[in-house]
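Under the numbering used here, the first residue of the sequence shown carries the number 3, and numbering increases by one thereafter.
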Amino acid sequence: MPLNKKTSDFEYVVVLDAGSSGTRSFLYKIERNEKGDDLPKIFTTKELIFKNKPGISSYYDFKSKEVDLDDLFEDNIEKLLKKTFKQLKSDLSKEVDDVDSYMKKLDIPIFVQATAGMRLLPEKAQSDILNGICNELYKKNEQWPFKVYENQCLNNQVDIIDGQLEGVYGWLSLNYQLEKLGGLNNGDGETYGFMDMGGASQQIAFAPSNMKLTKNKKSTSLVKLNKNHEYELFVKTWLGFGTNQARKRYLQQLIMLNLENNNDFDDDDFTNRVIYDDCLPKGAEHKFSYNHKEFNIQGLGQFEKCEKMIYPLLLKHIPCDEEGDEYGECLFNGVTVPKINFEKDKFVGISEYYYLTKDLFEMHNKPINFITLQENIKDFCETDYEILQKRYPGLDEDLLLNSCFKLNWLTNVLHEGFQFPRLGLDNINSENDHIPFMTMGEVNGMELSWTMGKAIMYAASLDDKAAGFYPKTGDVVSSYIDFSKSSKMDLNHGVSAENTSYLWFILFTIPLWTLKILVCAILIQLIHNNVKRKNILNYNHSSINSLYNTHKHKNIVLKAMTLISTFLNNKIISNLKVLLENKYRHYFKKEFNYGYIFEVPTTFGDSIYSDLELGRNSGVRNSSQVVLNEVNPRRATSSYQDLRPKNDQVLRTAFSLSDFKNYE
Numbered sequence: 003m004p005l006n007k008k009t010s011d012f013e014y015v016v017v018l019d020a021g022s023s024g025t026r027s028f029l030y031k032i033e034r035n036e037k038g039d040d041l042p043k044i045f046t047t048k049e050l051i052f053k054n055k056p057g058i059s060s061y062y063d064f065k066s067k068e069v070d071l072d073d074l075f076e077d078n079i080e081k082l083l084k085k086t087f088k089q090l091k092s093d094l095s096k097e098v099d100d101v102d103s104y105m106k107k108l109d110i111p112i113f114v115q116a117t118a119g120m121r122l123l124p125e126k127a128q129s130d131i132l133n134g135i136c137n138e139l140y141k142k143n144e145q146w147p148f149k150v151y152e153n154q155c156l157n158n159q160v161d162i163i164d165g166q167l168e169g170v171y172g173w174l175s176l177n178y179q180l181e182k183l184g185g186l187n188n189g190d191g192e193t194y195g196f197m198d199m200g201g202a203s204q205q206i207a208f209a210p211s212n213m214k215l216t217k218n219k220k221s222t223s224l225v226k227l228n229k230n231h232e233y234e235l236f237v238k239t240w241l242g243f244g245t246n247q248a249r250k251r252y253l254q255q256l257i258m259l260n261l262e263n264n265n266d267f268d269d270d271d272f273t274n275r276v277i278y279d280d281c282l283p284k285g286a287e288h289k290f291s292y293n294h295k296e297f298n299i300q301g302l303g304q305f306e307k308c309e310k311m312i313y314p315l316l317l318k319h320i321p322c323d324e325e326g327d328e329y330g331e332c333l334f335n336g337v338t339v340p341k342i343n344f345e346k347d348k349f350v351g352i353s354e355y356y357y358l359t360k361d362l363f364e365m366h367n368k369p370i371n372f373i374t375l376q377e378n379i380k381d382f383c384e385t386d387y388e389i390l391q392k393r394y395p396g397l398d399e400d401l402l403l404n405s406c407f408k409l410n411w412l413t414n415v416l417h418e419g420f421q422f423p424r425l426g427l428d429n430i431n432s433e434n435d436h437i438p439f440m441t442m443g444e445v446n447g448m449e450l451s452w453t454m455g456k457a458i459m460y461a462a463s464l465d466d467k468a469a470g471f472y473p474k475t476g477d478v479v480s481s482y483i484d485f486s487k488s489s490k491m492d493l494n495h496g497v498s499a500e501n502t503s504y505l506w507f508i509l510f511t512i513p514l515w516t517l518k519i520l521v522c523a524i525l526i527q528l529i530h531n532n533v534k535r536k537n538i539l540n541y542n543h544s545s546i547n548s549l550y551n552t553h554k555h556k557n558i559v560l561k562a563m564t565l566i567s568t569f570l571n572n573k574i575i576s577n578l579k580v581l582l583e584n585k586y587r588h589y590f591k592k593e594f595n596y597g598y599i600f601e602v603p604t605t606f607g608d609s610i611y612s613d614l615e616l617g618r619n620s621g622v623r624n625s626s627q628v629v630l631n632e633v634n635p636r637r638a639t640s641s642y643q644d645l646r647p648k649n650d651q652v653l654r655t656a657f658s659l660s661d662f663k664n665y666e
């Protein structure tokens, strides 16, 4: 949207997208509208967007379980903000005489919003990183205009946003830039659906069009900007289904399948282990670490086999909640999605959807012809890697190595997961027909990013405190900041998990174990004294019985002590800890739903396997089988070709849908 005011009259907000593979900083200019029932105008330029690698989650070492906070802030967050400061000062110097004095008067809120990469870290690591960033930003409050505020840094300005919120922000950003946010009360319901494929997760957000919202509200959530701009959206995220995490799942599955076929579970010599990968370009080679072992991955570049190998990663065999049948259909990983009207609805894919098709095939900002895309992917995967390096000299090596898999993953998710029809097939033959999906990277010179949605929500909250996201379950998410409070913030604003654990250790663990040791010492001394009184050298009948009884009593006492110890640990300690956490719950990070993260086993073995969508089950040694009907009415089938593995192509994975455990 065009802005009417001078640069010096704008309000500003800085939003940092702390993603799994890197951090991006966006400075947004805000022009508030005099009419309270209208939306503010928001704008940024490419000159005000900065990027940095790696992501903040990479500063956590899984082996040492430590976070390098100094490097995290200096090399990542601070470096981006310094660039933003420099560019803002340069822009203002063109309109303001004393730019230094003017900059000192600016009060620009900063939001550091971490996404899927941080969601994958242990809770203590999350807490350490968020507390560390808040403390460092507070120290800089007087040095630059980017501010954090009292009692509002943790869980608001610096936070890990869940996938649903990321999807809401993305939907707002997309439709705002396309000028589609007329609002339900304004009678404009022609919004675009939003699809985002990141490195660790993927999201979808859209306003269902083929059912009345009054009947569908149990599947949708309210997004409110003001009284005239309210939207009912279906929003869903799949953590672990981003391109990088899917690639890890695939390689781990490939390794386990290889070891099983060669019966190599007991072989500790992995130095020369070679794993052949159909989804790696022909002739390519790289190393992959799994379970503290290093494997040599060599590419075969077999497009059709790659396509079939990837399909089970969608986990389409997992059943959905039957209650969802009345408003949607079961798609993948046990998720029911409101039925999409492909003859009316329009969706835009960003991030990996956009960058992969743009960087490799120049197929962006327009409907994608499926046949052409498949031909391009096949050619890419089966071309010798040395030729690809010459063909794409400016492409990052990791991207070049992983693009064959990523492209196949995108098409599987899009067409087999969400059931989007393919242009060129599925009764869609012309780009002039209604096309339900296309990729897009920017609108009117502004990059499409969910961060603008955060800026929109914040700007709306300046005029309406009720602006926010109202999910069906969980807390209301608002971007409102109470500026009546001082920007001075106590460095001890939050009790970190580390400090809490020390407090717990001092108050409860040490006294408890001291008591245990004293009781055990007294009992052992009593037993010892009892034994000493007996003349155990005299092997008469009575003394032997006495010795036997003494040892028998000793074993009984020790068993009793073990039971008491277990009871204390499992009952008393856990109850006290719950009471402590409830009392100070506002200091603890909110929990996230890890239902879709995959547990990686710590050892090789049969117990780690779970079957994927296989039709009939084939016999595999000592493994529990998941019985699936050959005809499953709740499972969507492919409209292009049957990608399900045949009976002799059973794929297995080293993951289960249980609690998340850390891995390299």
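Each residue gets a CB set at the ideal place from its N, CA and C atoms; glycine is no exception.
Computed from a prediction, not measured in an experiment: that's the story for all the values here.
- In this structure, residue 412 and residue 354 form a Cβ contact; the two beta carbons are roughly 7 Å apart against a cut-off of 8 Å.
- Here DSSP, grouped into helix, strand and coil, assigns residue 78 to helix.
- Pairwise C-beta distances place the stretch 29-48 out of contact with the stretch 57-76, as fewer than three of them are shorter than 8 Å.
- Contact annotation, residue 59 with residue 123: C-beta distance approximately 6 Å; criterion of less than 8 Å satisfied.
- In terms of Cα proximity to residue 54, the closest of 62, 86, 31 is 86.
- By the C-beta criterion, the stretch 202-209 is judged to be in contact with the stretch 168-175, since at least 3 inter-stretch pairs fall below 8 Å.
- At least 9 Å separates the beta-carbon of residue 420 from that of residue 120.
- Rounded to whole angstroms, the Cβ separation of residue 338 and residue 361 is 34 Å, and the two are not in contact under 8 Å.
- Secondary structure of residue 439 (DSSP, three-state): strand.
- Taken atom to atom, the span from the alpha-carbon of residue 168 to that of residue 225 is near 13 Å.
- By the CB criterion at 9 Å, residue 317 and residue 334 fall inside the cutoff.
- Closest in alpha carbon position to residue 467, among 149, 162, 229, is 229.
- Per DSSP, reduced to three states, the secondary structure at residue 41 is coil, with no helix or strand assignment.
- Sequence-distant partners of residue 127 (beyond 5 residues in either direction) whose C-beta falls short of 7 Å from its own C-beta, in its chain, are 62, 69.
- Residue 26: member of the beta strand (DSSP E) spanning 25-33, first to last residue.
- Using a C-beta cut-off of 8 Å, the stretch 154-166 makes contact with the stretch 101-118, since at least three inter-stretch Cβ pairs fall below that distance.
- Here the alpha carbons of residue 179 and residue 446 stand approximately 8 Å from one another.
- In this structure, DSSP gives residue 389 a helical state, which the three-state scheme calls helix.
- Counting of Cβ neighbours within 10 angstroms places residue 396 among the exposed residues, the total staying below 16.
- One thing to note: residue 282 has its Cβ within 9 Å of the Cβ of residue 403.
- Excluding its 5 nearest sequence neighbours in each direction, residue 330 has C-beta neighbours in its own chain below 7 Å: 221, 338, 339, 340, 341, listed in chain order.
- The alpha carbon of residue 154 has as its nearest neighbour, out of 146, 363, 136, the alpha carbon of 136.
- DSSP places residue 295 in the strand class (E or B) of the three-state scheme.
- Proximity to residue 117 across 241, 278, 31 peaks at 241, based on C-alpha coordinates.
- Residue range 231-241 is occupied by the beta strand (DSSP E) that includes residue 240.
- Following the DSSP letters along the chain, one finds residue 136 inside the alpha helix (DSSP H) bounded by residues 125-141.
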